[in-house]
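What follows is a set of notes on a single structure, which appears directly below.
In the working numbering, the protein residues as written are 49 to 302.
Put into structure tokens, the structure is as follows:
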């Protein structure tokens with residue numbers, strides 16, 4: 049008769065006693081993705097040295113980190129630059145165009161447009177309430193930030209009071225790639241509502257060249273005439289191009 053102790057002393061057939069003595073291996077700790085440390089280093093470099101220490105694609109990476117938390121976004125940042133050209137053109141690109149880039153979703157589009165809006169608000173805050181003539185360079189820098197990289201024409205009017213203080217900056221109309229509808233009556237009507245004394249007209253040429261067209265000159269003359277009948281003056285009409293701008297006043301057209 050087999051006792052319980054006898055049974056316990058005999059291993060099962062095929063049982064390796066040496067194997068039983070080997071401790072089980074602990075599961076390996078999951079390694080963090082390679083881009084985790086890259087993100088930390090890039091953020092640290094930005095905080096230490098600012099945007100001038102980063103390439104355009106690295107600045108785009110910083111923007112995309114929040115929208116895409118679990119993916120290497122460097123290839124996407126470079127894809128955006130290949131499509132649009134530089135950082136400014138990326139953040140000012142229309143949402144529909146951005147969404148066509150492979151890897152860009154709604155969250156990424158929103159982050160890019162938030163950066164664009166913040167840049168515009170900061171630039172506007174620096175010129176509103178200031179003497180527009182005395183701070184002309186800051187005013188032009190703001191206009192270029194807002195308009196130079198747009199893919200469609202936009203017509204803005206800067207309204208000034210009697211001391212040439214900028215009291216309002218408003219986009220009057222948005223058009224196509226080579227045309228924007230402008231209504232002189234609405235421009236001067238708004239000036240009266242704001243109690244403005246003078247205007248600066250600004251629009252962009254997405255084609256790149258800021259040279260005024262015959263249509264630009266005709267439209268400007270109509271606004272100048274309409275403003276004059278109401279005692280308003282037009283200081284200048286600025287056309288913003290991608291690389292440079294032109295002034296109707298400097299060209300002798302006003």
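Quick reminder that beta carbons are idealized off the backbone N, C-alpha and C, glycines included. Predicted model, so just to flag it, every value in this text is computed and none were measured.
Exercise for review: Express the C-alpha separation of residue 204 and residue 108 in angstroms, rounding to a whole number.
Suggested key: 28 Å
Practice item. Output the distance between the C-alpha atoms of residue 274 and residue 134, rounded to the nearest integer angstrom. Key: 40 Å
Review point. Are residue 252 and residue 213 close, meaning C-beta to C-beta below 8 Å?
Key: no
Review point. For residue 112, does the three-state DSSP call read helix, strand or coil?
Key: helix
Point to revise | residue 236: first and last residue of the uninterrupted alpha helix (DSSP H) it sits in | key: 232 to 241
Review point. So what's residue 220 in DSSP terms, helix, strand or just coil?
Key: strand
Point to revise | residue 195, buried or exposed, once every other Cβ within 10 Å from all chains shown has been counted against 16 | key: buried
Check your understanding: Would you say residue 215 and residue 250 are within 8 Å of each other, going by their C-beta atoms?
Key -> no
Point to revise | Alpha-carbon spacing of residue 202 relative to residue 99, whole angstroms | key: 29 Å
Check your understanding: residue 222 to residue 185, Cα distance in whole Å?
Key -> 24 Å
Check your understanding: Is residue 296 helix, strand or coil when you go by DSSP?
Key -> Residue state, collapsed to three classes: coil.
Review point. Based on Cα-Cα distance, which residue from 237, 207, 120, 210 lies nearest to residue 277?
Key: Measuring from the Cα of residue 277, the nearest candidate turns out to be 237.
Practice item. Leaving aside the five residues before and after residue 137 along the sequence, list all residues of the same chain whose C-beta is less than 7 Å from its C-beta, in chain order. Key: 197
Review point. Is residue 204 helix, strand or coil when you go by DSSP?
Key: Here residue 204 sits in strand by DSSP.
Practice item. Between the Cα of residue 199 and those of 224, 158, 190, spot the shortest distance and give me the residue it belongs to. Key: 224
Review point. Taking the C-alpha atoms as reference points, what is the distance between residue 280 and residue 243?
Key: 10 Å
Practice item. Identify whether residue 209 lies in helix, strand or coil by the three-state DSSP scheme. Key: Three-state DSSP puts residue 209 in coil, outside helix and strand.
Point to revise | Nearest candidate by alpha-carbon position, reference residue 187, set 271, 87, 248 | key: 248
Check your understanding: Would DSSP call residue 284 helix, strand or coil?
Key -> strand
Review point. Could you check where the alpha helix (DSSP H) with residue 139 kicks off and where it finishes?
Key: Start and end: 135 to 139.
Check your understanding: How far does the beta strand (DSSP E) with residue 246 in it reach, from first residue to last?
Key -> 246 to 252
Point to revise | Coarse secondary structure for residue 214, derived from DSSP in three states | key: Residue state for residue 214 is assigned as strand, using DSSP reduced to three classes.
Exercise for review: Please report how far the alpha carbon of residue 284 lies from the alpha carbon of residue 87, in whole angstroms.
Suggested key: 46 Å
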